[in-house]
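Asks: Respectively, the protein sequence lines represent chains E, U and L. This note's numbering applies: residue 12 is where the first sequence begins, and numbers increase by one. This note's numbering applies: residue 101 is where the second sequence begins, and numbers increase by one. This note's numbering applies: residue 143 is where the third sequence begins, and numbers increase by one. Every residue, glycine too, gets a C-beta built ideally from N, C-alpha and C. This one's a predicted model, so the numbers in the text were calculated from it and none came from an experiment. I'd like to ask you about the structure that follows.
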Amino acid sequence: MSRLRIFLSSSIFSFKAQFHWLNPPMWLTMKFVLSVSQMAFFVFVGLFIAGPEAIPFIAIGNSLQSVSWNTIFSVISITGHDKWDGTLPLVLATPASRLPLFIGRAMIHILDGILSVAISFFFAAFLFGVNFAQTNVLALTLTVFLTAFTMAGFGLLIGGLCFHLRNPMVFANIFTYALLLFCGVNFPVQNLPQIIQPISYIFPLTYGVTAARNAIAGATLFDVSLLLGQQLVVGLVSLMVGYFFFQLFERTARKTGKLEEL
Amino acid sequence: MPEALRVIYSAFRMAMLHWFADPQWVIPNIIAPFIFTSVALTLFKDSTGPFGLYAVLGGGMMGMWGNTLYASGFAIEMERWQGTLEEVMAAPSKLLHVVAGRSVSNAVFGLTNMLAVFLIAVLVFRVQIEVDDPLLFVTTTVLTLVSVSTLGLIFASAFVLSRSTQVLTNGLETPLYIISGSMFPIALLPFWIHPIAYVLGPTWGVDAIRLAASQEYLSQTFWQGFDVNTAILLDVVMMMAITLAYAGMAVVLFKVVEKRARIKGTLVEA
Amino acid sequence: MGETGSQPDNASGKAIVAEHLSKIFTRTKGTVRRTKSQIVAVKDVSFEVDYGELFGLLGPNGAGKTTTIKMLTTMLIQTSGKATVLGYDTQKDFTKVRQRIGIVLGGERGLYTRVSAIDNLRYFADLYGVSPSVRDKRVKELLQFMGLWDRARDRVETYSKGMKQRLHLARGLINDPELIFLDEPTIGLDPEIARETRQMVKELVEKGKTILLTTHYMFEADELCKRVAVIRNGEIVALDTPSGLKKYVTDARVVEVEGFGITEKEIAKFRELPEVLSVSADLGENKQILKIQTPKGSEIISEVQEILKGSRIYDIKIKEPTLEDAYLRLVEK
Chain E
12 MSRLRIFLSS SIFSFKAQFH WLNPPMWLTM KFVLSVSQMA FFVFVGLFIA GPEAIPFIAI
72 GNSLQSVSWN TIFSVISITG HDKWDGTLPL VLATPASRLP LFIGRAMIHI LDGILSVAIS
132 FFFAAFLFGV NFAQTNVLAL TLTVFLTAFT MAGFGLLIGG LCFHLRNPMV FANIFTYALL
192 LFCGVNFPVQ NLPQIIQPIS YIFPLTYGVT AARNAIAGAT LFDVSLLLGQ QLVVGLVSLM
252 VGYFFFQLFE RTARKTGKLE EL
Chain U
101 MPEALRVIYS AFRMAMLHWF ADPQWVIPNI IAPFIFTSVA LTLFKDSTGP FGLYAVLGGG
161 MMGMWGNTLY ASGFAIEMER WQGTLEEVMA APSKLLHVVA GRSVSNAVFG LTNMLAVFLI
221 AVLVFRVQIE VDDPLLFVTT TVLTLVSVST LGLIFASAFV LSRSTQVLTN GLETPLYIIS
281 GSMFPIALLP FWIHPIAYVL GPTWGVDAIR LAASQEYLSQ TFWQGFDVNT AILLDVVMMM
341 AITLAYAGMA VVLFKVVEKR ARIKGTLVEA
Chain L
143 MGETGSQPDN ASGKAIVAEH LSKIFTRTKG TVRRTKSQIV AVKDVSFEVD YGELFGLLGP
203 NGAGKTTTIK MLTTMLIQTS GKATVLGYDT QKDFTKVRQR IGIVLGGERG LYTRVSAIDN
263 LRYFADLYGV SPSVRDKRVK ELLQFMGLWD RARDRVETYS KGMKQRLHLA RGLINDPELI
323 FLDEPTIGLD PEIARETRQM VKELVEKGKT ILLTTHYMFE ADELCKRVAV IRNGEIVALD
383 TPSGLKKYVT DARVVEVEGF GITEKEIAKF RELPEVLSVS ADLGENKQIL KIQTPKGSEI
443 ISEVQEILKG SRIYDIKIKE PTLEDAYLRL VEK
């Protein structure tokens, strides 16, 4: 919710104008505070309800989920930002292929997302005592990277779906929070009602979270490869669907001339 | 004095008008509490104990507070962008009264958020909420709301001066949920956090609300050895004392902020 | 802060007394390396405004007009100097000042666009302490006066620019102030609407209000104001009636004489006149044109006729100095 307000104010105003005061030290502070407080919240809730065994599960889950703020939110805000700024028509007018264009822009957020996960792992280890001693570094690194990448693709999907809305930020907010419920972040997917469980597997994060837990417990790259493969597929599908929606939207906009208003 | 009330009411009315103009803004305020509550409730499904009460009350608290504390910041930001903040500050009325009026409207929305979370918990998650003493429950809820609103006034004074303050305090939201013991007992937290928790008025309010809802909670309250009603009373007294202190601070802060804004001229940009 | 019970200091009998007001802003720039800089918005401004006067503050953008108005309307505290408005000190008795003045900053912003005009005015009426018995009636009267009554319940976001400007004016009058500050009231408006606005301003003065108006339109100041202060780079460079200001213009007017039979002899005679700064001639076959630069202007015509009595004069043009020239001269320096 707090992030919504940050991003809402920035989507209403120009991004740069808003952040002129946000010097690097402050940005870093925000990053640290936000990720640790969400993790702390759920760790304590988990501790209270399910006992100390829940802590590593929840801490790792939240660490991976922190990637979603940067990826989903940011990808949507890129396109939302373009819309508000009035530059989107110009951007879409260039013959450059859309896909690399958006991926290029998303890249910085993917990297930012990976950084968030790293910071969260740091907190998980030193504040909440999660044991990283058995970690298979290669497996974990690849998992984190792939999760960030596929979640960016997922962000594109959401961006494409709610592009025509007046307030895409609200949806971004809903989705980022929904991940906490559906992706096995705070409890296994099996805890959810049977009917709902399939939904979890639409999100690339679901696979990433499980793979990360396994990798930290010592699973090798080979062990997690199935999960990562599934994640990649889901991620690519959302990327393509998202891309399709953008194309569709663009075509509609050209027909109706409604680009600016939307 | 009546003039102050008139200003407060007018600001309240203006805030309500804006809400009716854009009711969809209520959604962001419910999402986090709803999700957090759902997570807690799903975690709780296989366990025993008073967790249900904690989860639902906790979520309700979050729904109530998120809106109350930070909506004023957002509203001030909107006013700054619209150019009306300048004009409001140029008027003879005290800014404190204007913001207080808005806080009241936020409190009202906070209550509706709380109700929404409760409804979802009962209907979707089939949590059984039995309230031992409904009258006390409602009273303590309203009083806690007052306490949170007053705390929000203090934040609002900082928002007037600068945008950066607003974003900084946004980051305090989740920590506040943690420290106030809304979704889990403070006892779980590291000992050094406890003093901070007890300085916050709402912490006592949450305790009182829980006691009013369920006698069972008596074993976990701060006031060991007292009976339920006494414990509730003690909680309320603590909370109101702290809230009065907040109110005093708010009065001073607004005077300071107004003067500073007049010196620095940072109402339009910042 | 000594606000309650203080009496207005009306020894001066003036609506506004500005004494050596200055305002310096400190700005911090940069994201990583932060540098502090000082911006002197107003260096030294002093003037007085009488009751019932329409006083103009004229100057280019960035000259300090808005800052000066903000200091006079208590929105800014001056770095040094003193301002007394309606007998009250703007720094100490700011609430009393605010109750008695109207401020119209205008523009696209400054209105609650998601609600109606009535709600906007009602809100500000409450903020200005307009008593409830009077409030709704006055809101209606103001909206009628501004020609907005039939759209009064529509959301302000549906209003045109001109309508918004009128609503701004209505808001500035909501507490029936005796002194009104108008900051660039016609900027960005269509000529038609600008004219209407100026007409309204005149009507207000006729009703006995005192008005301080800022503008960068020379003709507007000329048309409306009894006296004008020209401000440039935070200082007042001239303060006079519009006609008084015109005397600041370039010393030389150009008297253009078109005639026949004008020779060097006549030209020499012109040059001998003490008030003539220079004479230039275009001596053609059929026609001669003399350009005589003199501060005397039209007063020199009799001498022209005297010197040229043996020749034929077809036309004499005298280019009178405009206030525009005066203003440009003053703000260019």
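#1: Taking DSSP's pairing of strands, which residues face Y359 of chain L in a bridge?
#2: Please tell me whether G376 of chain L and V182 of chain L are closer than 8 Å, where the distance is taken between their beta carbons.
#3: Looking at the secondary structure, which residues open and close the alpha helix (DSSP H) in which Q180 of chain L lies?
#4: Could you work out which residue in E:F133, E:V78 and E:L168 is closest to G125 of chain E when comparing CA atoms only?
#5: Answer yes or no: do T383 of chain L and R369 of chain L have a C-beta to C-beta separation smaller than 8 Å?
#6: Counting only C-beta atoms, is S203 of chain U closer than 8 Å to chain L at any point?
#7: Let me know if Q286 of chain L comes out buried or exposed under the rule of 16 or more other beta-carbons within 10 Å of its beta-carbon.
#8: Please name the residue or residues paired with T436 of chain L in a DSSP beta bridge.
#9: Whose Cβ in chain U lies nearer than 9 Å to the Cβ of I185 of chain E?
#10: Any idea if W80 of chain E is buried or exposed, counting beta-carbon neighbours within 10 angstroms, 16 or more meaning buried?
#11: Is the Cβ of V257 of chain L closer than 8 Å to any Cβ of chain U?
#12: I'd like to know whether the C-beta of S257 of chain U is nearer than 8 Å to at least one C-beta of chain E.
#13: Which chain L residues sit within Cβ distance under 7 Å of E103 of chain U?
#14: Please identify, using Cβ separations under 8 Å, the residues of the segment 197–222 of chain E that lie next to chain U, in order along the chain.
#15: Output the boundary residues of the alpha helix (DSSP H) element that contains F68 of chain E.
#16: How is A207 of chain U classed by DSSP in three states: helix, strand or coil?
#17: Counting only Cβ-Cβ distances shorter than 8 Å, please list the residues of the segment 210–223 of chain L near chain U, keeping chain order.
#18: If you count every other CB in all the chains shown that lies within 10 Å of the CB of T357 of chain L, and 16 or more means buried, which is it?
#19: Looking only at DSSP bridge pairs, what is Y230 of chain L linked to?
#20: Using DSSP's beta-bridge definition, name the partner residues of L163 of chain L.
#21: Using CA atoms only, rank isn't needed, just tell me which of L:T405, L:E334 and L:V446 is closest to K429 of chain L.
#22: Can we say the segment 220–239 of chain L touches the segment 301–310 of chain L, given the rule of at least three CB pairs closer than 8 Å?
#23: At 7 Å on the CB atoms, spell out the chain L contacts of L117 of chain U, in chain order.
#24: Using three-state DSSP, classify H92 of chain E as helix, strand or coil.
#25: If we define contact as Cβ-Cβ less than 8 Å, is A51 of chain E a contact residue for chain U?
#26: Report buried or exposed for L309 of chain L, applying the criterion of at least 16 other Cβ atoms within 10 angstroms of its Cβ.
#27: Once you ignore the five residues that flank D96 of chain E on each side, which residues in its own chain have a CB closer than 6 Å to its CB?
#28: Taking all protein chains shown into account, do 16 or more other C-beta atoms lie within 10 angstroms of the C-beta of W165 of chain U, making it buried, or fewer, making it exposed?
#29: Between S193 of chain U and chain L, is there a C-beta pair that is closer than 8 Å?
#30: So the candidates are U:F112, U:H118 and U:I108; which of them puts its Cα closest to the Cα of R297 of chain L?
#31: Helix, strand or coil for T244 of chain U per DSSP?
#32: Is there at least one Cβ from chain E nearer than 8 Å to K145 of chain U's Cβ?
#33: Contact criterion: CB-CB distance below 8 Å. Does R251 of chain L meet it with respect to chain U?
#34: Return the Cβ separation of V188 of chain U and V198 of chain U in integer angstroms, given the expectation that the two are a contact with Cβ distance under 8 Å.
#35: Using a Cβ-Cβ distance under 8 Å, would I278 of chain U count as near chain E?
#36: Could you work out which residue in U:L334, U:P275 and U:P133 is closest to L311 of chain U when comparing CA atoms only?
Replies: Looking at the coordinates:
#1: The bridge partners DSSP lists for Y359 of chain L come to none.
#2: For G376 of chain L and V182 of chain L, yes; Cβs fall inside 8 Å.
#3: No alpha helix (DSSP H) contains Q180 of chain L, which is instead part of the beta strand (DSSP E) from T177 to V191.
#4: According to the sequence shown, residue 125 of chain E is Ile rather than Gly. When only C-alpha atoms are compared, the closest one is E:V78.
#5: Cβ distance < 8 Å, so T383 of chain L and R369 of chain L count as in contact.
#6: It does not; no Cβ of chain L falls within 8 Å.
#7: Q286 of chain L sits exposed, since fewer than 16 C-beta atoms from the chains shown fall within 10 Å of its C-beta.
#8: In the DSSP output, where bridge partners are listed per residue, T436 of chain L has L:R395.
#9: Residues of chain U passing the Cβ test: I127, P128, I131 and I135.
#10: Flag for W80 of chain E reads buried.
#11: Residue-level contact check: V257 of chain L touches chain U, since one or more beta carbons of chain U fall below 8 Å from its beta carbon.
#12: No, its Cβ sits nowhere closer than 8 Å to a Cβ of chain E.
#13: Contact note: E103 of chain U reaches chain L through G271, using a C-beta cutoff of 7 Å and chain order.
#14: Those residues of the segment 197–222 of chain E that come within reach of chain U (Cβ to Cβ, closer than 8 Å) are N197, F198, N202 and L203.
#15: DSSP places F68 of chain E inside the alpha helix (DSSP H), whose first and last residues are A65 to S79.
#16: In the three-state reduction of the DSSP assignment, A207 of chain U falls in the helix class.
#17: Residues are counted here when their Cβ sits less than 8 Å from a Cβ of chain U; for the segment 210–223 of chain L these are K212, T215, T216, M217, L218 and I219, given in chain order.
#18: Of the residues assessed, T357 of chain L falls on the buried side of the cut-off, its CB having 16 or more other CB atoms within 10 angstroms.
#19: DSSP lists L:V227 as partners of Y230 of chain L.
#20: Partner(s): L:V187.
#21: L:T405 is the residue among L:T405, L:E334 and L:V446 whose C-alpha sits nearest the C-alpha of K429 of chain L.
#22: No, they do not touch.
#23: Near L117 of chain U (Cβ distances below 7 Å), the residues of chain L are V257 and D261.
#24: Legend: pLDDT at H92 of chain E = 49, less than 50; position of this residue unreliable, value from coordinates given subsequently. Helix.
#25: Answer yes: the Cβ-Cβ gap between A51 of chain E and chain U drops below 8 Å somewhere.
#26: The residue is buried, with at least 16 neighbouring Cβ atoms inside 10 Å.
#27: Because the pLDDT at D96 of chain E is just 48, under 50, the model does not fix this residue reliably, and the value given afterwards should be weighed accordingly. Result list for D96 of chain E: empty, nothing under 6 Å.
#28: Here W165 of chain U is buried. Its C-beta has 16 or more other C-beta atoms within 10 Å.
#29: Interface with chain L (8 Å Cβ-Cβ cutoff): S193 of chain U is included.
#30: Looking only at U:F112, U:H118 and U:I108, the smallest Cα-Cα distance to R297 of chain L is reached by U:H118.
#31: In the structure shown, T244 of chain U sits in a helix (DSSP, three-state: H, G or I).
#32: Interface with chain E (8 Å Cβ-Cβ cutoff): K145 of chain U is included.
#33: Taking Cβ atoms only, chain U reaches closer than 8 Å to R251 of chain L, which makes this a yes.
#34: About 6 Å separates the Cβ atoms of V188 of chain U and V198 of chain U, confirming a contact at the 8 Å cut-off.
#35: Chain E, which has a Cβ nearer than 8 Å to the Cβ of I278 of chain U, makes this yes.
#36: If we check each option's Cα against that of L311 of chain U, U:L334 comes out closest.
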